[in-house]
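Under numbering that gives the first Met the number 0, the first residue of the sequence shown is numbered 0, with each subsequent residue one higher. Ideal Cβ positions, reconstructed from N, Cα and C, are used throughout, including at glycine.
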Amino acid sequence: MAEDTPRVRAWRFEPFFVSIVNAIHSNGLAHGKGHIFRTVKNAKTISSKLEPDGDSKTVDMDILLAASYLHDLGRDVNVGKHFGIALDPAQDHAVRSAILAGKFLSTLNGFPPEKIAAVKDAIRAHSFSRGEKPLSMEAKILSDADKLDAMGAQGIIRTIAYSTEHGRSLKDSITHLNEKIMVLHEKLHTPSARDIAKPKQVLLQQFMMDLQW
């Protein structure tokens with residue numbers, strides 16, 4: 000489970016979100032529960048490093064952590080049946096995840112209903128392929144947290160694992176690394192995420208230089 004940072008402690012809803020992640024997500028290396036928990040940890044770390052008198056005042060941890068835990072909830076279209084929803088496989092996974100997140104949060108006792116729309120907005124905006132610009136601070140942090148887990152050694156492992164799971168070639172993996180993973184550092188929104196990304200980017204560049212293809 001994601002570790003707490005000094006400024007993010009004992010979130011009252013966390014046990015419910017951990018339970019749903021463990022129930023819904025697989026142990027897959029590409030988009031399994033490990034990715035979810037690392038994204039949550041990244042989000043906590045980023046939010047803890049924001050300036051105390053600056054952007055951190057605008058961060059709602061209910062919105063940020065709910066979105067972080069649920070951002071890939073609809074990646075598998077079959078998950079919809081657990082919520083009584085038929086998901087459209089043609090939709091981007093972020094859109095499907097936002098739909099399921101809204102359904103789950105509306106039934107979670109005590110979760111502020113007025114925050115559900117912001118959670119869904121953050122989830123929809125995290126997808127690289129959709130190209131939607133995150134507007135809220137929570138959406139920017141989630142976008143950064145998700146991208147950080149696609150960089151560095153973890154990103155290389157996840158890319159190869161995804162290609163293996165979907166029967167893609169090594170060439171496809173290298174193309175994905177070149178065209179997407181190598182440029183993620185340019186799309187980060189927060190200074191703390193950019194700092195965290197620096198050694199990850201160096202490792203990626205070294206890997207690509209060393210690779211004989």
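Minimum C-alpha distance to residue i - residue among the options
{"i": "S191", "options": "E50, G33 and K32", "result": "E50"}
{"i": "L183", "options": "Y161, P198 and L147", "result": "L147"}
{"i": "A29", "options": "N177, V201, H81 and D145", "result": "D145"}
{"i": "G151", "options": "K48, K197, H81 and E178", "result": "K197"}
{"i": "R39", "options": "T174, S96, K170 and D143", "result": "According to the sequence shown, residue 39 is Val rather than Arg. The option with the nearest alpha carbon to V39 is D143."}
Spatial distance of residue i from residue j (CA atoms)
{"i": "H188", "j": "M208", "result": "27 Å"}
{"i": "V78", "j": "H70", "result": "13 Å"}
{"i": "I155", "j": "G31", "result": "15 Å"}
{"i": "L210", "j": "F103", "result": "44 Å"}
{"i": "D87", "j": "A100", "result": "15 Å"}
{"i": "R129", "j": "V94", "result": "9 Å"}
{"i": "L202", "j": "R123", "result": "29 Å"}
{"i": "R157", "j": "S172", "result": "10 Å"}
First through last residue of the alpha helix (DSSP H) which encompasses residue i
{"i": "R193", "result": "P190 to D209"}
{"i": "F154", "result": "The sequence shown places Gly at residue 154, rather than the Phe named in the question. Segment G151 to E164, the alpha helix (DSSP H) holding G154."}
{"i": "H175", "result": "L169 to E178"}
{"i": "F15", "result": "E13 to I23"}
{"i": "T38", "result": "K32 to S47"}
{"i": "M60", "result": "M60 to L69"}
{"i": "A138", "result": "M136 to L147"}
{"i": "G101", "result": "H92 to T106"}
{"i": "K186", "result": "Neither: K186 is in no alpha helix (DSSP H) and is coded neither H nor E."}
{"i": "R123", "result": "I115 to A124"}
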